[in-house]
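Here the structure comes first, spelled out in structure tokens, and everything after it is commentary.
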Amino acid sequence: MRQVEYMWDGSDHISGKNDYGMTATGLYRYMLPSYRSMNFNKYGFPDEKRNMKYIMAVRQAALASGDQKQYLGEVRKMPNTFQEAIMSSAVTNTFSNLVVTLAERAELLKAGLADDRVVRGRLEWTDGNDSDVVFVPSESGHWLMLKEYTSEEQAPKWFKPNNVSRYPGMIIPHGGDTFGIGVDPYAKSKANQAVQSNGAIAVFRKFDPMDERNSDMFVAVYCHRPHSLYEFYDEVLKGATYFGCPFLHEDNVSGIEDMALSRGYKQFLHTLPGRRSSGITSNHVTKPRLISFMEGYIEECVDKIYFIDLIEELIEYDAEDSHRFDLAAAAMIALMMCHRSRVDGVGLWGKKDDVRRYEDIYRSFIDISVF
817 MRQVEYMWDG
827 SDHISGKNDY
837 GMTATGLYRY
847 MLPSYRSMNF
857 NKYGFPDEKR
867 NMKYIMAVRQ
877 AALASGDQKQ
887 YLGEVRKMPN
897 TFQEAIMSSA
907 VTNTFSNLVV
917 TLAERAELLK
927 AGLADDRVVR
937 GRLEWTDGND
947 SDVVFVPSES
957 GHWLMLKEYT
967 SEEQAPKWFK
977 PNNVSRYPGM
987 IIPHGGDTFG
997 IGVDPYAKSK
1007 ANQAVQSNGA
1017 IAVFRKFDPM
1027 DERNSDMFVA
1037 VYCHRPHSLY
1047 EFYDEVLKGA
1057 TYFGCPFLHE
1067 DNVSGIEDMA
1077 LSRGYKQFLH
1087 TLPGRRSSGI
1097 TSNHVTKPRL
1107 ISFMEGYIEE
1117 CVDKIYFIDL
1127 IEELIEYDAE
1137 DSHRFDLAAA
1147 AMIALMMCHR
1157 SRVDGVGLWG
1167 KKDDVRRYED
1177 IYRSFIDISV
1187 F
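So the sequence shown is numbered by the working numbering: it starts at 817 and just counts up by one.
Written out as structure tokens, the structure reads:
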């Protein structure tokens, strides 16, 4: 199955071509979704709405039975995406105990729950690098954002895009109490392997006890592999400027900190307690902690996830082979950055048997050796 996935990822003729106009495999890819492959009329066109309704009904029946393997089998039998076609029933993935929970949410999103809430588009500087940023709706864009954050006119009164102050050689964010950003860079500007990881960004609105329904949730995501790391880092700075908040990046890949410092974004680099420098290192200590936060978040707040790409990555996420799940990684890093907003007596992400006091968490961060 892994070889099939490598072949698919390496045959991306839309955004995976090299400088010579070829994909890594030399092939193009095509996926015919099940809802377009049956119940044709006399003119040869499928009844897509009827087909989708039938497929969703079959899946919902499998979910209602509580049989996880039956549900996964139905998904593979009538897949609408490539990821559904290769979905494993081995139940060995990291969040396998939450697959049904995630799948139920995925089916609701596929049925159109988020169609009027999520907007695809681009973030653009208004007057060259490091100026204000605007969101431009575009079907070819790589940002997905909740509609209420796409413009100042759409935004709630408390949200102000570009909530920053500019001084000579320095930009100061003012939205850090409200937002946090997790960043998972990709390894190289150019890579020779067939499957190349993407750069991913996840923007999280921290918990607000005065607005529980619309806080404690991801409000924007980005997952794409631009031609160079410079372009990806520029997307990070645009996102941080637009939401006016710091970001926490995985520091296994160099460059983003240097670029931020050179352009006056020092105050945007988030440093965890006990660390001497910004960022977080992915290792045998931090990865279980990241997974624990996400597991707890799914249990508490899965109904607040509106991005189907994130749900699908969480369903397939494998901690032993995590380089393929860039958006899930960025989301977990965002939770690591924002978890302290939950330390108010309301609750804390994490399994019920793994809920720890804030002092214990802080003490564990003080030991810099774990990073």
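Glycine is no exception: its CB is placed at the ideal position from the N, C-alpha and C atoms.
This structure is a prediction, so every number in the text was calculated from the model and none was measured.
Item: Whole-Å CB distance - Met-903 paired with Leu-888, under 8 Å assumed; Value: 6 Å
Item: Pair within 8 Å by beta-carbon distance, Asn-896 and Ser-954; Value: no
Item: Stretch pair the region 935-955 + the region 1025-1034: three plus CB contacts closer than 8 Å; Value: no
Item: Closest by C-alpha distance to Thr-917, when choosing among Leu-879, Gln-899, Arg-1021; Value: Leu-879
Item: Pair within 8 Å by beta-carbon distance, Lys-833 and Thr-839; Value: yes
Item: Residue nearest to Glu-1066 in terms of C-alpha spacing, selected from Ile-1121, Ala-901, Val-1052, Ala-1146; Value: Ala-1146
Item: Backbone CA spacing between Val-1118 and Gln-876 [nearest angstrom]; Value: 17 Å
Item: Exposure label - Gly-1055; buried when at least 16 CB within 10 Å; Value: buried
Item: Minimum length 4: unbroken alpha helix (DSSP H) runs contained in the region 1071-1103; Value: 1072-1078
Item: Distance between beta carbons of Leu-843 and Ser-827, contact taken as under 8 Å; Value: 4 Å
Item: Cβ neighbour criterion (16 or more within 10 Å) applied to Tyr-1058; Value: buried
Item: Residues bridged to Phe-1063 [DSSP beta-bridge criterion]; Value: Ile-997, Leu-1085
Item: Inter-residue Cα distance where the pair is Lys-893 and Glu-900; Value: 9 Å
Item: Ala-877 - containing alpha helix (DSSP H), residue span; Value: 864-881
Item: Beta-bridge pairing of Trp-941 - partner residues as DSSP gives them; Value: Val-949
Item: Which of helix, strand or coil DSSP assigns to Trp-959; Value: strand
Item: Three-way DSSP call (helix, strand, coil) for Ser-1108 in this model; Value: helix
Item: Among Met-854, Ile-1107, Tyr-836, nearest to Asn-867 - alpha-carbon criterion; Value: Met-854
Item: Per DSSP, cross-strand counterpart(s) of Gly-1015; Value: His-1040
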